[in-house]
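Heads up: the sequence shown begins at 4 in my numbering, then just goes up one per residue.
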Amino acid sequence: MQRARLVTFGIVGLAAIGGALVLRALIPPGTAAPALLPWTDAAVVARGHDLYQRDCAGCHGALDGSEGPQEPSAPPHDARGHTWEHPDYALFQLTKTGEVAELCRTLNAGGNAGGNADGDAMPRFGAALSDGEIVDVLSYIKSTWPEELRAKQEAVNALYAAQNAAYRELIHR
4 MQRARLVTFG IVGLAAIGGA LVLRALIPPG TAAPALLPWT DAAVVARGHD
54 LYQRDCAGCH GALDGSEGPQ EPSAPPHDAR GHTWEHPDYA LFQLTKTGEV
104 AELCRTLNAG GNAGGNADGD AMPRFGAALS DGEIVDVLSY IKSTWPEELR
154 AKQEAVNALY AAQNAAYREL IHR
């Protein structure tokens, strides 16, 4: 079953890359594609804050100084964590399906899948949150990072510009 999941993930990834290449060919040279995560949009960030407090802070910790666990049971999304190391499209996919989180946990545990400190896996928010709400939450998270981390994450995004563009196109249809 694990192999089938990895094969499915690989096929979905290849399809996304193929779609991204087609979309990239349609964008005139010199035209910047809109960002997948509009972290500078105050309305998006405000909605994301409320959703984060409701659905994420209990495991990942608060990002705004409000109440949250002292030691998050899941990786924190602030400068102590590694969220910024991932391109936007991967953060979206991880939040929606939880599959990337399962793969990372399996690799980090030497092949033994495990959950957080309480034994719980990353929830799949695809059924609980709309694609737009996932974008709102991730935009809020990104808005809290220091400029230095955002710059590093934008360098990662540059490597995956086609995938980010493909996801943005699919989400905003």
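The beta carbon of each residue, even a glycine, is placed where N, CA and C say it ideally should be.
No experiment lies behind these values; they were computed from the predicted model shown.
Cβ-Cβ distance between residue i and residue j below 8 angstroms
{"i": "P90", "j": "Q166", "result": "yes"}
{"i": "D81", "j": "T147", "result": "yes"}
{"i": "D67", "j": "H85", "result": "no"}
Contact set for residue i: own chain, Cβ-Cβ below 6 angstroms, skip 5 residues either direction
{"i": "K145", "result": "L40, W42"}
{"i": "R171", "result": "L39"}
{"i": "Q56", "result": "none"}
Nonlocal neighbours in the same chain, by C-beta distance under 7 angstroms from residue i, ignoring five residues either side
{"i": "R50", "result": "D139"}
{"i": "I14", "result": "none"}
Burial state of residue i (16 or more Cβ within 10 Å)
{"i": "L133", "result": "At residue 133 the sequence reads Ser, which differs from the Leu that was named. Exposed, since its Cβ has fewer than 16 Cβ neighbours within 10 Å."}
{"i": "A65", "result": "buried"}
{"i": "A169", "result": "buried"}
Top-ranked residue by Cα proximity to residue i, from the options
{"i": "H131", "options": "A82, G101, T11, L66", "result": "According to the sequence shown, residue 131 is Ala rather than His. Residue G101 is the option with its Cα nearest to A131."}
{"i": "L54", "options": "A7, F128, D44, I14", "result": "F128"}
{"i": "R83", "options": "A45, A164, P149, P126", "result": "P149"}
{"i": "L162", "options": "R6, H52, H175, E88", "result": "E88"}
Own chain, CB closer than 8 angstroms to residue i, minus 5 neighbours either side, in chain order
{"i": "V47", "result": "P41, V138, D139, S142, Y143"}
{"i": "I174", "result": "L39, F95, D134, G135, V138"}
Residue i beta carbon near the ligand MG (any heavy atom closer than 7 angstroms)
{"i": "Y170", "result": "Looking for the ligand MG in the displayed structure turns up nothing, as the structure carries no ligands at all."}
Quiz item: Are the stretch 132-141 and the stretch 92-101 in contact at 8 angstroms, needing three or more beta carbon pairs?
Solution: Enough Cβ pairs lie closer than 8 angstroms, so yes.
Exercise. Check whether the stretch 55-66 touches the stretch 150-166, taking contact to mean three or more Cβ pairs, one atom from each stretch, closer than 8 angstroms.
Key: Segments in contact, no.
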